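With the first letter of the sequence shown counted as 1, position 53 gets the number 54 in this note's numbering; the numbers rise by one all the way through. Yeah, the Cβ is synthetic: ideal placement off N, Cα and C, and Gly gets one too. Keep in mind that this is a model prediction, so the values were computed, not measured. Shown next, in structure tokens, is the structure this report addresses.
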Amino acid sequence: MRDLVSKNFGPLMMKQKILKAFISFLLISQFPVGTLAQQDEDQDPTENSGGVIQRYGRNAANNLGSILADPDSVPLLRDYSPVTDEILQNPSDADWLTWRRTYNNQGFSNLDQINRETVSDLKLAWHQRVTSGNNMPTPLIHDGIMFLYSAGDVVLALDATNGELLWRYSHDGSAATSHKFGIALHENKILVPTSDLHMVALDARSGAVLWDHAVDVGDNTGYQLRSAPTVAGGQVIQGMAASFVPGGGFIIAIDLETGRETWRFNTLARPGEPGGNTWNNMPIEERQGGSVWNTGAYDPELDLVFYGASPTYNTGPLLYSLGVEGVSNDALYTNTTLALRPATGELVWYYQHIANDQFDLDWIFERSIVELEVDGELKKVVVTAGKPGLFDALDAETGEYIFSVDPGLQNVFSSINPVTGEKIVNPNVFPDAEEVRTVCPFYQGGRNWHASSINNDTGFLFVPMFEVCMDTRLDGTGTLLSSGLGTETIPVPGTDGNYGRLQAIDLKNRELAWQYRQEVVPASASLATAGGLVFLGYLDHNFKAFDQRTGDVLWETQLDAIPAAFPITYSVEGKQYVAVVAGQLNIHTGVWLGLMNKFTGFVPENPGAASLWVFALE
Numbered sequence: 002m003r004d005l006v007s008k009n010f011g012p013l014m015m016k017q018k019i020l021k022a023f024i025s026f027l028l029i030s031q032f033p034v035g036t037l038a039q040q041d042e043d044q045d046p047t048e049n050s051g052g053v054i055q056r057y058g059r060n061a062a063n064n065l066g067s068i069l070a071d072p073d074s075v076p077l078l079r080d081y082s083p084v085t086d087e088i089l090q091n092p093s094d095a096d097w098l099t100w101r102r103t104y105n106n107q108g109f110s111n112l113d114q115i116n117r118e119t120v121s122d123l124k125l126a127w128h129q130r131v132t133s134g135n136n137m138p139t140p141l142i143h144d145g146i147m148f149l150y151s152a153g154d155v156v157l158a159l160d161a162t163n164g165e166l167l168w169r170y171s172h173d174g175s176a177a178t179s180h181k182f183g184i185a186l187h188e189n190k191i192l193v194p195t196s197d198l199h200m201v202a203l204d205a206r207s208g209a210v211l212w213d214h215a216v217d218v219g220d221n222t223g224y225q226l227r228s229a230p231t232v233a234g235g236q237v238i239q240g241m242a243a244s245f246v247p248g249g250g251f252i253i254a255i256d257l258e259t260g261r262e263t264w265r266f267n268t269l270a271r272p273g274e275p276g277g278n279t280w281n282n283m284p285i286e287e288r289q290g291g292s293v294w295n296t297g298a299y300d301p302e303l304d305l306v307f308y309g310a311s312p313t314y315n316t317g318p319l320l321y322s323l324g325v326e327g328v329s330n331d332a333l334y335t336n337t338t339l340a341l342r343p344a345t346g347e348l349v350w351y352y353q354h355i356a357n358d359q360f361d362l363d364w365i366f367e368r369s370i371v372e373l374e375v376d377g378e379l380k381k382v383v384v385t386a387g388k389p390g391l392f393d394a395l396d397a398e399t400g401e402y403i404f405s406v407d408p409g410l411q412n413v414f415s416s417i418n419p420v421t422g423e424k425i426v427n428p429n430v431f432p433d434a435e436e437v438r439t440v441c442p443f444y445q446g447g448r449n450w451h452a453s454s455i456n457n458d459t460g461f462l463f464v465p466m467f468e469v470c471m472d473t474r475l476d477g478t479g480t481l482l483s484s485g486l487g488t489e490t491i492p493v494p495g496t497d498g499n500y501g502r503l504q505a506i507d508l509k510n511r512e513l514a515w516q517y518r519q520e521v522v523p524a525s526a527s528l529a530t531a532g533g534l535v536f537l538g539y540l541d542h543n544f545k546a547f548d549q550r551t552g553d554v555l556w557e558t559q560l561d562a563i564p565a566a567f568p569i570t571y572s573v574e575g576k577q578y579v580a581v582v583a584g585q586l587n588i589h590t591g592v593w594l595g596l597m598n599k600f601t602g603f604v605p606e607n608p609g610a611a612s613l614w615v616f617a618l619e
């Protein structure tokens, strides 16, 4: 195993209360609008020489109006071709059409103009200011047009070669804006999940609203739409986050043409339903969690969508089994991979990665579909990891457990059943009222929303990771979990001062490959390309390209803000670009800024304005 290490700093302690206060500040704060000029609602609509028609919205978060386009007057928009099911299943190498480019969520591009030999010549091609605020955007590319879901529920259509604004949609919602992963494309529609729990379909050529569906959540508050939708089988499929909501989260499908809800799958098993007896006899009103934070993967041949559901924070009633026959404390379907029929929402199979999670281990991140040889047969495999950083591989057709790969960040599990994948909790870390227990990783995980990428040809997976632990005691001081588990973040015992890791995992051989480690932690998802490169952004504003074979840094550049988002690559007229948004932050960015200061004294430079950075070869 290769271990690449950069600079090291001495530890600096910070009280946990200060960190919590900082996190709370980030949650409630709104950043000022930076880019596009504010517009007066009372102004008269105007038309300019570019065929752009202005409409003025009332979005309190961004104070921007929408700018609609006359597509017949703009060649790029006029020539836009519909994104069909066939195109989504076999996208052009030039495009980036879904959250992770393809239905299989691999985060991989076949483009290779920018490669190991040429990446040293990568330069800034263009730079575009975007709205400031909490967000984690993924630009989408089709026919030379970039669609970007900016902070404040603003959708931008840009010329992908130079950033010229083609149209802008500003949602007139009343809810505080939440950070989101992105949007979806299908035919002439852009599907937009909003902060006030609407799914909006926009005309891709003009930015006009085609339909607007308000998701019915009754009188409950606390729901959020975070992930980009998955379009499959004529449905817009969207997960709902519901961390503290009675009854928990759900997944819905909305008809592409009508904008009406067609089915709903509850991610927490109900009393009297299959799996309903796994909640220690808790009434449904006390069951919460099952949030769906990430975009689903889709396999058209199997006709299955794959989602992950989060744990519950109401852990106290589940701490110990009741000892009642036929009743368990497993808490289905938390920390579970769900395989559903896109047309109906039928549950085909499920696999629970962790039962009775008492540490908020969140097996909720991307489900990626890869082809691997299993017992001499090529199979489609769903690969996913939770906060422990431990990757499970499941048969995509049946849900059968195949194998796990452990990068060595966790001490929560003492063993894994090689047949079933059942994880045995280490008794030395189980919550205790009398003894401090050191648990690795800490509550934000050894990995988090920073999505991995996969080169299916080589079988290498590239995952951003974090090396941090926590001391715990069941003393009633904790506020996140109802058990009252108190936590204090600490470095990994015996650490060398490096907290950030890019880990390469060889899925074909089911083993670890190289790792790149440094003091400052990753801030973005990873991006892998056929050029043999992996791109990754860091908390210190660096954006780097690594050699997929060795982990060597082949190129890096300093941005003026933190790239806490999902980088992409695309091409227009034969020219390849790499793009990433910087300066649109989120709760996790705040956590890591606090921890880096606590452990190392790291203080980032003053961030610049939120911007889209696009690079190309000279």
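request  = Take Trp614 as the anchor and find which of Asp220, Phe544 and Leu594 has the nearest alpha-carbon.
outcome  = Phe544
ask   = Hey, quick one: how far does the beta strand (DSSP E) through Gly538 stretch, first residue to last?
value = Leu534 to Gly538
CA-to-CA distance, Pro284 to Gly327, given in whole angstroms = 16 Å
query = Do three or more CB pairs link the region 580 to 591 to the region 128 to 137 at distances below 8 Å?
reply = yes
request  = Report yes if the CB atom of Ala332 is closer than 8 Å to the CB atom of Trp280, and no otherwise.
outcome  = yes
message = Measuring CB atoms only, is the region 369 to 378 touching the region 342 to 354, in the sense that at least three cross pairs come out at less than 8 Å?
response = no
message = Does the structure place the region 517 to 526 close enough to the region 561 to 576 that three or more beta carbon pairs sit under 8 Å?
response = yes
key: Alpha-carbon spacing of Ser121 relative to Glu262, whole angstroms   = 49 Å
request  = Would you grab the beta carbon distance between Phe266 and Leu341 for me? Rounded to a whole angstrom, and I think it's under 8 Å.
outcome  = 6 Å
message = Is it buried or exposed, Phe600, if we count other Cβ atoms within 10 angstroms and call 16 or more buried?
response = buried
request  = State buried or exposed for Glu302, treating a residue as buried only when at least 16 other CB atoms are found within 10 Å of its CB.
outcome  = exposed
Beta-carbon separation (whole angstroms), Tyr104 vs Tyr299, contact threshold 8 Å = 4 Å
Local conformation of Ala161 per DSSP, three classes = coil
key: Backbone CA spacing between Gly400 and Lys381 [nearest angstrom]   = 11 Å
request  = Going by DSSP, name the residue or residues bridged to Glu489.
outcome  = Asp472
key: Buried versus exposed, by CB contacts within 10 Å (16 or more), Leu125   = exposed
ask   = Is the Cβ-Cβ distance between Tyr224 and Met200 less than 8 Å?
value = no
query = Below 8 Å between beta carbons: does that hold for Gln107 and Ile455?
reply = yes
ask   = Arg511 lies in the alpha helix (DSSP H); which residues open and close that run?
value = Looking at the DSSP string, Arg511 is not in any alpha helix (DSSP H), and its letter there is neither H nor E.
key: Every unbroken beta strand (DSSP E) within the region 571 to 619, with a cutoff of 3 residues, ordered by chain   = 576 to 583 and 612 to 618
query = If you draw a straight line from the C-alpha of Val521 to the C-alpha of Pro272, how long is it?
reply = 46 Å
query = For the alpha helix (DSSP H) that contains Asp86, what are its first and last residues?
reply = Asp86 to Gln90
message = Starting from Pro76, trace the alpha helix (DSSP H) in both directions and tell me its first and last residue.
response = Pro76 to Arg79
task = Give the C-beta separation of Thr570 and Gln577 to the nearest angstrom, bearing in mind that I take them to be a contact with Cβ-Cβ under 8 Å.
result = 6 Å
ask   = Among residues of its own chain, excluding the 5 on either side of Val53, which ones have a beta-carbon nearer than 6 Å to its beta-carbon?
value = Unreliable positioning characterises Val53 in this predicted model, as indicated by a pLDDT of 39, which lies under 50. The coordinate reading is nonetheless provided below. Excluding positions up to five away in sequence, the list reads Ile68 and Ala70.
inquiry  = Given this structure, state the Cα-to-Cα distance separating Ala161 from Arg169, to the nearest angstrom.
reply    = 15 Å
inquiry  = Per DSSP, what are the beta-bridge partners of Val464 in this structure?
reply    = Gln504
task = Let me know the secondary structure DSSP gives Ser405 once reduced to three states.
result = strand
key: CB of Ala434 within 8 Å of CB of Ile365, strictly   = no
request  = Quick one: residues in its chain with C-beta nearer than 8 Å to the C-beta of Ile24, no 5 flanking neighbours on either side, listed in chain order?
outcome  = The pLDDT assigned to Ile24 is 35, lower than 50, so where the model puts this residue is not dependable, and the model offers no usable value.
inquiry  = Which residues does DSSP list as the beta-bridge partners of Thr200?
reply    = It is worth fixing the name first, because residue 200 is Met in this sequence and not Thr. Paired residue(s): Pro194 and His214.
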